[in-house]
Amino acid sequence: MSGENVQSRLYGGECPVIPYFEALSAIPRSSGHEQAASDYVAAFARARGYEAVQDASWNLVIRKPASQGYEQAPPVIVQGHLDMVGEKNEGVAHDFLKDPIRLRLDGDFMTAEGTTLGGDNGLGVAYAMALLDSREAEHPALEIVLTTEEETSMKGARKLDTGLLRGRMLINLDSDREGILYVSSAGGARAYHTVPVARTVASDAGRPARLRVSGLVGGHSGDDIVHERANACELLGRVLDGLRKRLPYGIADVRGGLASNAIPREAEAALYVPAEQWAEAEVTVREWEAHFKAEYAVSDPGVSVSLEAVAYGTVAAEGKAQVFSEASKSMLVDSLLLIPNGVLRMDKAIPGLPRTSTNVGIVKMTAEGVRFESLLRSSLRSELDAAMSRMEALARVIGCVFEAGDYYPGWPYRMASRLREVFLDVYEREYGKPMEVKAVHAGIECGILADRIPDLDAVSYGPDLFDIHTPEERFRISSVERTWHYLLKVLRALKESTV
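Residue 456 in UniProt numbering sits at position 456 of the sequence shown; the count goes up by one each step and never skips.
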């Protein structure tokens, strides 16, 4: 790759960060598939004469020397993640492993056509690339750290060789509200419940159908869980339970959600409904749709529940459709009903902040059965462990198989922070008002890195992003530009900082 500037294909304005985001958006980079994006940014850095270290997880550490006059200032780590959540609307033809994100401008906003945008955290990567390419930016020595698999397991940050880093001040660029500085975050872990499935031959009178819950808002299971939005997997379980109280039916397949850290917007089940009771099934489904529209009139006004006849099914060698055994069906529906979703406990010290929550983000068929993937979050390790113990106890009661894993630590508040002071001072000078300082329920890699780097002073900041982890994701272009200029002023102010 040559060293020429990256050019914008879509955006004709003056924000220097946008062209780098556009270029990155052309490269598929869903979690676990970041190699191409890592290679691209590494080549970008090396073409400009900077050292770029890649590890086996495709994490990147890039060094840019201090500007003239800043040689004695402490080095600064600028950090983001390469991967993104891949969600799309029904009917959108998009392969997140092959296709570029189709960007679209809408006034002061950039969004994508029917898919997630990847502003989380493509913008963080774009800021880092802009810093690497800028000849005007004045700054201490920079250590650009770009990690992988943040959206799934945070494995990249856990496997990063922190011995490569000299900096003890870290600016994380993975936040989503201009004017808010995040200084603490929750820890988390994943829980897996697998319902073993035995199959039997469906009745000849069964009519194949698709039961579907859709039209939900979804969102980030950390940032948006407090809004009490509907979880499509949970709603699907309620409808299936309502149906089993009125008529016999068979289940051939079930699925819902795409990422454990996204609130599922859609879920569906392949059913075999007795033909003579089809009308009753339709009535039941319409009743449940009415219930949900009343319950979620504010948070999810577009909720829809549908039952439609289809021509599909799992077919055995003798030509008979296969469905779950009654025991397997019962265990599945019970699991959909009982595995908890939503806020478990609010923080008593910080108004409006969840302290502990769970989210069933994925339900899918596997060779072992139906696998549920939940993400648990808490700012207290004891409450996280207690929620996990309840998940395990629930599995024993239901009879499914339980696993736990992918724990990551919370990010505790630091009482004395020179970096926080600089961010606050620069913001008040520039905007004439104080900056908000907050903790966040979502997981941020600052927790993992602070756990592994002694005496790390970290903050998290970013421009306005909305509806992340959904196809309605968008960012405010003017906020991206303001944040760029603010970041440059913070880096200049760090010239005199000590740690």
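Here a beta-carbon is modelled for each residue, glycine too, at the ideal position from N, C-alpha and C. These figures come from a predicted structure and were not determined experimentally.
* **Distance between SER479 and ILE468 (C-alpha atoms, nearest Å)** => 16 Å
* If you follow the beta strand (DSSP E) that TYR182 is part of, which residue opens it and which one closes it? -> 180-185
* **Touch test, the stretch 415-429 against the stretch 119-136, Cβ-Cβ under 8 Å, three pairs minimum** => no
* Asked: Which ranges would you report for the alpha helix (DSSP H) in the stretch 388-460 if only whole runs of at least 4 residues count?
  -> You should have 418-431 and 446-452.
* Selection from ALA442, VAL459 and GLY69 that minimises the alpha carbon distance to SER260 -> ALA442
* To do: Report yes if the CB atom of VAL76 is closer than 8 Å to the CB atom of PRO140, and no otherwise.
  => yes
* Beta-carbon proximity list for GLU496, same chain, < 8 Å, skipping 5 on both sides -> These residues qualify, in order along the chain: ALA73.
* Own chain, CB closer than 6 Å to ALA395, minus 5 neighbours either side, in chain order -> HIS193 and PHE402
* Which one of ASP457, SER57 and ALA230 has the shortest CA to CA distance from GLY302? -> ALA230
* **LEU449 versus TYR272: straight-line alpha-carbon distance, rounded** => 50 Å
* **Inter-stretch contact at 8 Å, needing at least 3 Cβ pairs: the stretch 264-280 / the stretch 202-217** => yes
* Asked: To which residues of the same chain is GLU22 closer than 7 Å at the C-beta, ignoring the five residues directly before and after it?
  -> SER8, ARG9, LEU10, TYR11 and LEU103
* Asked: Based on the DSSP output, what are the partners of SER30 in its beta bridges?
  -> Answer by DSSP bridge pairing, in chain order: MET84.
* Residues near LYS98 in its chain [Cβ-Cβ closer than 7 Å; skip 5 each side] -> PRO28
* Asked: For ASN121, which option in ALA37, LEU142 and GLY432 has the closest C-alpha, if you only look at C-alpha atoms?
  -> ALA37
* Pairing CB atoms from the stretch 106-125 with CB atoms from the stretch 287-298, are three or more of them under 8 Å? -> no
* To do: Take ARG244 as the anchor and find which of SER185, VAL254 and ASP334 has the nearest alpha-carbon.
  => ASP334
* **Minimum C-alpha distance to GLY107 - residue among ARG482, ARG476 and LEU487** => Closest option to GLY107, judged by alpha-carbon separation, among ARG482, ARG476 and LEU487: ARG476.
* Please classify MET154: does DSSP put it in a helix, a strand, or coil? => coil
* **GLY250, enclosing beta strand (DSSP E) - first and last residue** => 250-256
* To do: Measure the CB-CB distance between SER379 and GLY410 and report whether it falls below 8 Å.
  => yes
* Please check the pair ASN59 and LEU160, which I expect to be a contact at CB under 8 Å, by giving their CB distance rounded to whole angstroms. => 5 Å
* When the Cα atoms are used, what is the spatial distance from GLY219 to PRO264? -> 8 Å
* Given a threshold of 16 other Cβ atoms within 10 Å of its Cβ, counted over all protein chains shown, does THR366 qualify as buried or as exposed? -> exposed
* To do: In angstroms with no decimal places, state the Cα-to-Cα distance between ALA493 and ILE18.
  => 24 Å
* To do: May I have the straight-line CA-CA distance separating VAL217 from SER67, to the nearest angstrom?
  => 46 Å
* Tell me whether residue 531 sits in a helix, a strand or coil according to DSSP, three-state version. => One cannot answer for residue 531 here, as it falls past the ends of the chain, which runs 1 to 499.
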